[in-house]
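Residue numbers (my numbering): 2 to 441. Positions of the beta carbon are idealized from the N, C-alpha and C atoms, including for glycine.
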C-alpha cells in the first residue's frame, strides 16, 4: 500500500510505502509503534542524508514553515520533526514534555554527539540551571570585555592576510573558520598551539559522531580525538588552578553558585561542548551572513553605507540562513502531541529553527531579506531554557568580523553572483564549505 502527499515548495508528489517500520528502538516494542504509525506517511529522506541539506533552503524550508509536525527518520530511528514557529517554540519551552537527556534505549547512542562527555546542552531541570548559572559569568558583557582586544587583533591579522592576496579569497577558509577558531582557542581559552591542535582535531572529527547508525561502532578517529582532547583539558584545568587568569577556562574553574562549583567531569563536558558546538556553528553563521548579503547586493550596499546597522542586520541575515537546519534532539517524556501530530514516549523530537524563521505567521514575506526588519522571535540560536548560552560571544565575533570586512573592503562581493554553496558538517548543520569572494 502507498500514500501520496506533498513536500517542499515545488509541489512534488512522493509515493511512500505504508506498513511496518524497520527499527525496533522504542520503549514498548515494535508492535506498539507499528500500531500507531503503520498508516502514517514518513518524509522520504533520512535526516542524515547529505542531499537534504544541499537543497533544504530552496526546496523544503518554505513548505515546512507552514506544515504540521510530521514523521521522519534520523540514522534510521523514527521521530517527529516540528517546523512551524508555534510548534518549535512549544518544544523549546515545554521542558516537562520534552527533555534533552536521552532515555538511553538501544541504538540511541547515535544522539550522543560529544562522545560521552556530558554537555549543558544535554542536561535538564535543576542540574541544567545550576551548570548554566555557573557558566553565565564567563559569557557576560564583563567577561566578554576581557577578550575583546585579543579578538580585534585576530580580526585585523585575518584582514591583513586577505589584503595580501586580494582581490580573490575564500571567505570560509581565509576568514570565518580562522577567525572563530582563533577567537575561541586563542583569545577565549588562551591555549598553547600544541593544546589547540587537540581541539582542532576534535572539531574536525565531530561530524563523524552524527553519521553512524544504530549498532555501528563510533568512528575510531572520533574516539581518539575525544581521548586526546580530554587529556588536554585535564592538563589545562590543573594549570589554571595553579595560575588562574582572565581566560574563559579560569572563569569556569573559579565560578561559584551558592557554594557549588563545576566538578572536573562537568568542566570536561562544558569546555568540550564549546569547542565542538561553538566553532562550527559560529563560523557557519558568519559564512551564511556573508553569503546572504552577497546574494542581496542592494541590502549589502545599504549596510556598507550604514555600518551602525550591523548588530540588528545579523539577526535578519541569520533568520534567512542560520547555521543549523535542525537543533539538538529532544525526547518525549510521555505519549503526547504537538500541532495535532501524535508523539510516543521516548520518541526523538526534532525541531527546525530554520523553518520556523520562515513561518509567514511570524514574518511578512519571510523569504525576503530586509535589514530594517528587526526580527523579534528569531529562532536561529534557540529559545527558552536551552537558548544558546554563548550567543553574546558568537554575535560579538560576527559583528567585529563583519565590521572589519566592510570597513577594509567596501567593494566586498561574491565572486559569482549566481554562486550556490555546498554544505558540510554535523547532521543538521549547514556549514558552507567554500565561499569565493572579491575584495574589490
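Determine the burial state of residue i: buried for a count of at least 16 other Cβ atoms within 10 Å of its Cβ, exposed for fewer.
i	result
residue 262	exposed
residue 402	buried
residue 49	buried
residue 377	exposed
residue 418	exposed
residue 421	exposed
residue 62	buried
residue 218	exposed
residue 349	buried
residue 226	buried
residue 423	exposed
residue 252	buried
residue 298	exposed
residue 335	exposed
residue 245	exposed
residue 300	buried
Between the Cα of residue i and those of the options, spot the shortest distance and give me the residue it belongs to.
i	options	result
residue 107	97, 83, 128 and 214	214
residue 312	392, 72, 205 and 115	392
residue 229	269, 257, 243 and 246	269
residue 114	299, 211 and 422	211
residue 405	164, 296 and 386	164
residue 247	143, 125, 370 and 206	143
residue 314	356, 372, 291 and 156	372
residue 396	339, 79 and 285	285
residue 381	323, 287 and 369	323
residue 320	295, 188, 158 and 370	370
residue 221	116, 389 and 408	116
residue 73	426, 414, 436 and 342	342
residue 76	316, 60 and 46	46
residue 121	425, 386 and 408	386
residue 166	427, 231, 410 and 426	410
residue 128	216, 264, 159 and 147	264
residue 329	293, 157, 318 and 383	383
residue 133	436, 425, 388 and 367	388
residue 390	135, 347, 126 and 202	135
Would residue i pass as an interface residue toward chain E - the criterion being a Cβ-Cβ separation below 8 angstroms?
i	result
residue 378	Included in the structure is just one protein chain, with no chain E present.
With residue i and residue j assumed to form a contact (beta carbons below 8 angstroms), what rounded beta-carbon distance in angstroms separates them?
i	j	result
residue 332	residue 104	6 angstroms
residue 309	residue 119	Rounded, the Cβ-Cβ distance is 41 angstroms, inconsistent with contact.
residue 145	residue 394	6 angstroms
residue 438	residue 291	7 angstroms
residue 94	residue 123	Not really, about 18 angstroms apart at Cβ, beyond 8 angstroms.
residue 67	residue 360	7 angstroms
residue 99	residue 92	5 angstroms
residue 57	residue 340	Contact doesn't hold; Cβ gap of about 20 angstroms is too wide.
residue 181	residue 274	Going by Cβ atoms, the distance from residue 181 to residue 274 rounds to 15 angstroms, so no, they are not a contact pair.
residue 155	residue 183	5 angstroms
residue 223	residue 139	Their Cβ separation, rounded to whole angstroms, is 27 angstroms, which puts residue 223 and residue 139 out of contact at 8 angstroms.
State the Cα-Cα distance for the pair residue i and residue j, rounded to the nearest angstrom.
i	j	result
residue 35	residue 345	Any reading at residue 35 must be qualified, since the residue scores a pLDDT of 48, below 50, and its modelled position is unreliable; the value itself is stated next. Taking the straight line joining both Cα atoms gives about 12 angstroms.
residue 177	residue 365	30 angstroms
residue 440	residue 306	16 angstroms
residue 277	residue 137	18 angstroms
residue 235	residue 280	20 angstroms
residue 43	residue 81	9 angstroms
residue 65	residue 434	25 angstroms
residue 379	residue 96	20 angstroms
residue 354	residue 84	7 angstroms
residue 209	residue 151	32 angstroms
residue 432	residue 111	21 angstroms
residue 192	residue 186	6 angstroms
residue 71	residue 337	14 angstroms
residue 429	residue 54	8 angstroms
residue 255	residue 171	40 angstroms
residue 416	residue 168	10 angstroms
residue 52	residue 257	46 angstroms
residue 374	residue 358	13 angstroms
residue 207	residue 200	10 angstroms
residue 356	residue 86	8 angstroms
residue 233	residue 272	11 angstroms
residue 351	residue 237	35 angstroms
residue 162	residue 174	12 angstroms
residue 363	residue 190	38 angstroms
residue 205	residue 408	31 angstroms
residue 60	residue 131	41 angstroms
residue 239	residue 141	24 angstroms
Looking at the strands, I want to know which residues DSSP matches up with residue i.
i	result
residue 331	350
residue 338	343
residue 72	43 and 81
residue 515	What is shown of the chain runs 2 to 441, which leaves residue 515 out entirely.
residue 438	170 and 415
residue 432	425
residue 100	332
residue 325	430
Would the C-beta of residue i count as close to the ligand SAH, meaning under 7 angstroms from any of its heavy atoms?
i	result
residue 240	With respect to the ligand SAH, the structure shown offers nothing to examine, as it has no ligands at all.
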